[in-house]
Amino acid sequence: MRVGKKILVIINENEVSLSALRFVEQLFDDINNYINIIYISDKNLENKALTSDVSPMRVSEVESEQLQAVLEGYLKKGRNGHLAKFTLHKQVGNNNEVFMWKCTYADLMVATQSSYDSLIAGTPDQGALLIKNQNCSPIVVVPDDFEKIDNILIAYNAKKSGVSSIKQFCYLFENFCLSYDVNLLSIFEDGVNPFSMREERLFVDYLKQHCQRLAVHKYIGGEQTDILKSHLDFSDRTLLVTNERLMGDVSKILTSNAAISSVKDISSAQFIAYQ
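The sequence shown runs 57 to 331 under the numbering used here.
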């Protein structure tokens with residue numbers, strides 16, 4: 057029996073959406089993992105079939121020959137046992153019920169910004185609720201020009217509800233956490249720490265069990281964000297971990313822009329879990 061993680065990778069007609077596959081190959085290449093690639097195209101979403109579905113797809117059905125070649129390469133490696141097992145499916149019609157089932161029973165979903173937008177565009181009546189369903193797996197939104205990950209930044213607003221998101225991340229990226237530098241950024245609303253000293257110590261001790269190279273930072277307001285960003289070593293090769301899609305103060309610190317409000321405004325890969 058295979059014991060590994062089940063991951064959905066969302067791609068579209070745009071060749072930059074393959075960055076999501078590069079991310080998965082870098083971080084989840086264990087042969088026990090199961091990678092389900094779901095291809096979303098305007099043609100398939102506009103299909104007027106009575107029953108929308110996520111159905112198996114042949115590589116030859118993909119419009120782009122370059123995408124065909126890359127996808128065939130991943131599928132072949134999986135079949136030969138050199139990489140995690142890959143399968144290819146397509147979203148047909150804009151009813152997302154079957155897709156939501158797949159999200160519910162997956163460990164993680166990975167998409168570039170462009171394929172993430174395609175996913176939202178395919179559900180005009182429900183919009184972002186598709187992703188914010190409480191039963192949906194966490195999602196990693198990868199930059200369209202993704203190359204690699206060098207470090208991790210766990211940024212959260214010091215609310216106890218964020219702890220479960222961080223525990224999800226530590227489980228899913230356990231090997232990665234052990235091997236890379238991890239910075240924890242706690243942001244206190246109005247300068248108030250909701251944790252007791254004892255509880256905060258337990259939280260940090262938990263992270264130390266999973267992250268061998270952990271550094272802890274606190275932001276209570278008023279600090280110079282440029283100096284803080286340099287301490288965090290934040291760049292487009294950082295994997296940012298948060299529990300909110302609209303990251304508010306976290307985004308403002310990382311971009312020095314008070315108008316920031318969405319995942320599009322952050323240049324790094326982002327792990328987002330919804331509560």
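Each residue gets a CB set at the ideal place from its N, CA and C atoms; glycine is no exception.
In the DSSP assignment, the residues bridged to L144 are I93. The Cβ neighbour count for N152, taken over all protein chains shown within 10 Å, is at least 16; the residue is labelled buried.
Secondary structure of D173 (DSSP, three-state): helix. When C-alpha distances from V166 are compared across K146, I66, P112, the shortest belongs to I66. Contact between the segment 155–171 and the segment 116–133 is not established, with fewer than three Cβ pairs separated by less than 8 Å. For N88, there is no enclosing alpha helix (DSSP H), as DSSP marks it with neither H nor E.
In this structure the segment 255–274 touches the segment 219–233; the number of beta carbon pairs closer than 8 Å is three or more. Per DSSP, reduced to three states, the secondary structure at Y161 is coil, with no helix or strand assignment.
The segment 234–244 and the segment 109–116 do not touch, with fewer than 3 CB-CB distances between them shorter than 8 Å. Assigned with DSSP and collapsed to three states, R293 falls in coil, not helix or strand.
For S75, the enclosing alpha helix (DSSP H) starts and ends at 75–83. Contact between A325 and F79 holds: CB atoms are separated by about 7 Å, below the 8 Å threshold. Going by beta carbons, Y172 and V154 fall outside the 7 Å limit. Just so you know, the alpha carbons of Q82 and K204 end up roughly 8 Å apart.
Secondary structure of I205 (DSSP, three-state): coil.
When the Cα atoms are used, Y212 and A271 turn out to be separated by approximately 14 Å. By DSSP's assignment, L241 forms a beta bridge with A211, H273. If the five residues before and after Q268 are omitted, its C-beta is found closer than 6 Å to the C-beta atoms of L234, all from its own chain and listed in chain order. Apart from the 5 residues on each side of it in sequence, I309 sits with its Cβ closer than 6 Å to the Cβ of T281 in its chain, given in chain order. In this structure N89 is buried. Its beta-carbon is surrounded by 16 or more other beta-carbon atoms within 10 angstroms. The Cβ atoms of F327 and L209 lie no closer than 7 Å to each other. Residue state for N68 is assigned as strand, using DSSP reduced to three classes. Residue environment: V59 is assigned as exposed (fewer than 16 neighbouring CB atoms within 10 Å of its CB, all protein chains considered).
For D109, the enclosing beta strand (DSSP E) begins and ends at 109–112. For S120, same chain residues with a beta-carbon under 7 Å away, outside a window of 5 residues either side, are E69, E71 in chain order. T168 is bridged by DSSP to V198. Excluding its 5 nearest sequence neighbours in each direction, L288 has C-beta neighbours in its own chain below 7 Å: L209, N239, L241, H273, listed in chain order. Each of V110, L77, K62 was checked against the Cα of L123, and the nearest Cα belongs to L77.
Note that the C-beta distance between I91 and A125 is not below 7 Å.
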